[in-house]
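Trainee: Protein sequence lines correspond, in order, to chains S and V. Taken in order, the first sequence gives residues 1 to 253; the numbers are from the numbering used here. Taken in order, the second sequence gives residues 1001 to 1286; the numbers are from the numbering used here.
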Amino acid sequence: MKRVADFLLPAVGVVLALIVWWATSTVVPDLPSPMKTWEESKIYILKPLEKRGEMDQGIALLAYYSLMRVARGFLLGIAIGTPLGFLLGMSKTLTRVFDPIMQVIRPISPLAWLPLGLVIFQKSEPAALFAIAVCSMWPTVINTMAGVRAIPQDYWNVARVLRLSRFTTFAKVVVPATLPYMFTGFRLSLGIAWLVIVASEMLTGTPGVGGFLWQEYNSLIYAHILLAILTIGVVGFVLDRLMGLAEARLRAI
Amino acid sequence: MAYIEVARVAKSFVTSGGAAREVLSDVSLSVERGEFVSILGTMGCGKSTLLKILAGLVPADSGRVTVAGEVVRGVRPSAAIVFQNYSLLPWFSALENVRLAVSAAFPDWPREQQREQAVRHLRSVGLGDAVDRRPGQLSGGMRQRVAIARAFAIEPEILFLDEPFGALDALTRDSLQQELARLCSDAGRPITTVMITNSVEEALLLSDRILPMTAGPRATLGAPVAVELGKPRSASELLHGDQAAEVRGRVLGLLTEELERARGARRSGAPAPAVTLALRVAPEME
């Protein structure tokens, strides 16, 4: 009975959403209905790996390009964000130096960073990575910092009583104690990176789910916009779940 | 000059309200090499702070602490500390926890020898079969065994014990106390030990000398009571022996005086002393 409910209740939600979508499409003439969206999009879904042109590719390929771009930007972001978080967590002085800058930089939209990236790097690809890294690193910085600050006095005492070197203290006490916080940061950062990818692909016109969305809007194929939107949602959901699983495993230790 | 020498140490903490609270005031004591001394006092009287000052974890505001003639600044390489809350690293196995201490104490030893040392000390506390388990998979008593093994594995000259059995149930506490006495006598070299406790029986079982501590704030040490009983001491000897009864009587007398004094002070507005001590002592007096 519980199993049935587990399956049935989310299904009810999906059906309701489809009804709202369908009802809206009867009122808004340019919005394709669910059926029309499927008809016009099925080639992308049924042949997910087919490459017909630069933007005209199977949805899995487009998602793959976007994911690779996100992966690079995200890794760049956490490669900068993690050490920065440790430094800020361990030094109150550094926190006071950088806190105002961080507070100002953090709320800046990816759409604002991208033109600056284009000015600096002159090419769309590095500009996109720059925007993803700069926007997505903050949860990692802040969670790592909070994690270091939350290390119980007991653990610092262990390090002092055992007279561990600075390096050993960092590697064997500080990093393991901070790891669960770091991973929460990574998870949030990855979510933001995935949000930024669409904006940056739309502005730079590079192949990927966001680039595809923008091109199909310009080509007036509105069903494909919906396809892209759904893909972005599903991929984002799967990413978050995967990071959640990794996080839960870490916390179980 | 004694091995550990504490002269007129005072320590205040700033409370959250911003006012300074004097925890320790004018504390002096000396411990001879190889001696086992217990500092006995009620909860919250500042005895843990005193131990942390002795161990070099916390600096004193004034006064002097010397060990073997050297002024204490930071934790000494030859000192081991066992805390009440075990202080094990939860992401490491029992073996890794002990190895971390061994490799920091004996960095020049080959890895295999460091491992051997850690395993040997875990075996000596009866954890030979649990070396790969993490602290989370061990009971409180077993965790404290790991902490004790870790302390002995660095072959310390000084052992600081901060209510080492305070978080354990009575049966586990009894067996670990006996085990600690055995480890100290098996070490084959003098280990100078300072133990913080709120149990008279624990102090009687293990110490050469008991130093009662007055209730905080402004805690200081009372006159020491020597425990002139041979070691190892058996439970029945402590329970029925005349000498043990006499020492117990003197310690309790000092502490009761102390409690009376604190009660008087409470009436005049000072904070109440913890009553744990009275509760812990009562059943053993019957």
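Cβ coordinates follow ideal geometry from the N, Cα and C atoms, glycine included. Every value quoted in this text rests on a predicted model; they were computed, and no experiment measured them.
1. Mind listing which residues of the stretch 1112-1132 of chain V have their C-beta closer than 7 Å to chain S's C-betas, in chain order?
2. Who pairs with P1077/V in a beta bridge, going by DSSP?
3. May I ask you to report which of helix, strand or coil DSSP gives T1042/V?
4. Using the beta-carbon of each residue, which ones in chain S are nearer than 8 Å to V1077/V?
5. Any heavy atom of the ligand PLP closer than 6 Å to the CB of R69/S?
6. Excluding five sequence neighbours on each side, which residues of the same chain lie with their C-beta closer than 7 Å to the C-beta of L1204/V?
7. Please return the same chain residues whose Cβ sits closer than 8 Å to the Cβ of E54/S, not counting the five positions on each side in sequence.
8. Counting C-beta neighbours from all protein chains within 10 Å, is the total for E1112/V 16 or more, i.e. buried, or is it exposed?
9. Which residues in the same chain as L278/S place their Cβ atom closer than 6 Å to its Cβ, once the five residues preceding and following it in sequence are excluded?
10. Which residue marks the beginning of the beta strand (DSSP E) containing A1007/V, and which one marks its end?
11. By the criterion of Cβ-Cβ separation under 7 Å, what are the contact partners of N1085/V in chain S?
12. CA-CA distance, V1225/V and L84/S?
13. Answer with yes or no whether the minimum CB distance from A1104/V to chain S is below 7 Å.
14. Check whether the Cβ of P176/S lies closer than 7 Å to any Cβ atom in chain V.
15. Can you say whether M1142/V is buried or exposed, counting buried as having 16 or more other CB atoms within 10 angstroms of its CB?
16. Starting from F1160/V, follow its DSSP beta bridges and name the residues at the other end.
17. Using three-state DSSP, classify I45/S as helix, strand or coil.
18. Give the DSSP-derived three-state secondary structure of G77/S in the structure shown.
19. Got a sec, what are the start and stop residues for the beta strand (DSSP E) A1020/V sits in?
20. What does the Cβ neighbour count give for S189/S, buried or exposed, with the cut at 16 atoms within 10 Å?
21. Determine, for A1081/V, whether the minimum Cβ-Cβ distance to residues of chain S falls below 7 Å.
22. Using a Cβ-Cβ cut-off of 7 Å, state whether A1101/V counts as contacting chain S.
23. Quick check on K2/S: buried or exposed, where buried means 16 or more other Cβ atoms within 10 Å of its Cβ?
24. Alpha carbons only, please: which of M137/S, A199/S, A150/S and M90/S is nearest the one belonging to R82/S?
Mentor: Reading from the atomic positions:
1. Against chain S - using a Cβ distance shorter than 7 Å - the stretch 1112-1132 of chain V contributes no residues.
2. The sequence position of residue 1077/V within the second sequence is 77, counting from 1. Answer by DSSP bridge pairing: none, since P1077/V is not bridged.
3. As a working note, residue 1042/V is residue 42 in the second sequence. It is coil, neither helix nor strand.
4. Within the second sequence, residue 1077/V is the residue found at index 77, counting from 1. Inspection of the sequence shows that residue 1077/V is occupied by Pro rather than by Val. Residues of chain S passing the Cβ test: R163.
5. Ligands are entirely absent from the displayed structure, and the ligand PLP is therefore not among its contents.
6. Indexing the second sequence from 1 puts residue 1204/V at position 204. Here the set comprises V1227, L1238, A1244, V1247 and R1248.
7. Against the first sequence, residue 54/S aligns to sequence position 54. Once the five neighbours on either side are set aside, the close Cβ partners of E54/S are P207.
8. Counting from one through the second sequence, the residue named residue 1112/V turns up at place 112. By the C-beta density criterion, E1112/V is exposed, having fewer than 16 other C-beta atoms within 10 angstroms.
9. It is not possible to answer for residue 278/S, since the shown part of chain S is limited to 1 through 253.
10. By 1-based counting over the second sequence, the position of residue 1007/V is 7. Residues I1004 to V1014.
11. Here the question's residue 1085/V lines up with position 85 in the second sequence. Within 7 Å Cβ-Cβ: D154.
12. Locating residue 1225/V in the second sequence gives position 225, counting from the first residue. Locating residue 84/S in the first sequence gives position 84, counting from the first residue. Roughly 55 Å between the two C-alpha positions.
13. Numbered from its first residue, the second sequence carries residue 1104/V at position 104. Using beta-carbon distances, A1104/V counts as an interface residue toward chain S, with a partner under 7 Å.
14. Position 176 of the first sequence, counting from 1, holds the residue named residue 176/S. Judged by the 7 Å Cβ criterion, P176/S is in contact with chain V.
15. Position 142 of the second sequence, counted from the first residue, corresponds to residue 1142/V. With 16 or more other Cβ atoms within 10 Å, it is buried.
16. Against the second sequence, residue 1160/V aligns to sequence position 160. Answer is I1081/V and V1194/V, bridged to F1160/V.
17. Residue numbering aside, residue 45/S sits at position 45 when the first sequence is read from its first letter. Correct three-state label for I45/S: helix.
18. Locating residue 77/S in the first sequence gives position 77, counting from the first residue. The answer is helix: DSSP assigns G77/S an H, G or I state.
19. Residue mapping note: residue 1020/V aligns to position 20 of the second sequence, counting from 1. Unbroken beta strand (DSSP E) run through A1020/V: A1020 to V1031.
20. Taking the first residue of the first sequence as 1, we reach residue 189/S at position 189. Buried, by the Cβ-count rule.
21. Numbered from 1 along the second sequence, position 81 holds the residue referred to as residue 1081/V. According to the sequence displayed, residue 1081/V carries Ile and not Ala. So yes, I1081/V belongs to the interface.
22. Along the second sequence, one-based indexing puts residue 1101/V at 101. The beta-carbon of A1101/V is placed less than 7 Å from the nearest beta-carbon of chain S.
23. Along the first sequence, read from residue 1 onward, the residue named residue 2/S stands at position 2. Classification for K2/S: exposed.
24. Looking up residue 82/S in the first sequence gives position 82. According to the sequence displayed, residue 82/S carries Thr and not Arg. Among M137/S, A199/S, A150/S and M90/S, the Cα nearest to that of T82/S is on M137/S.
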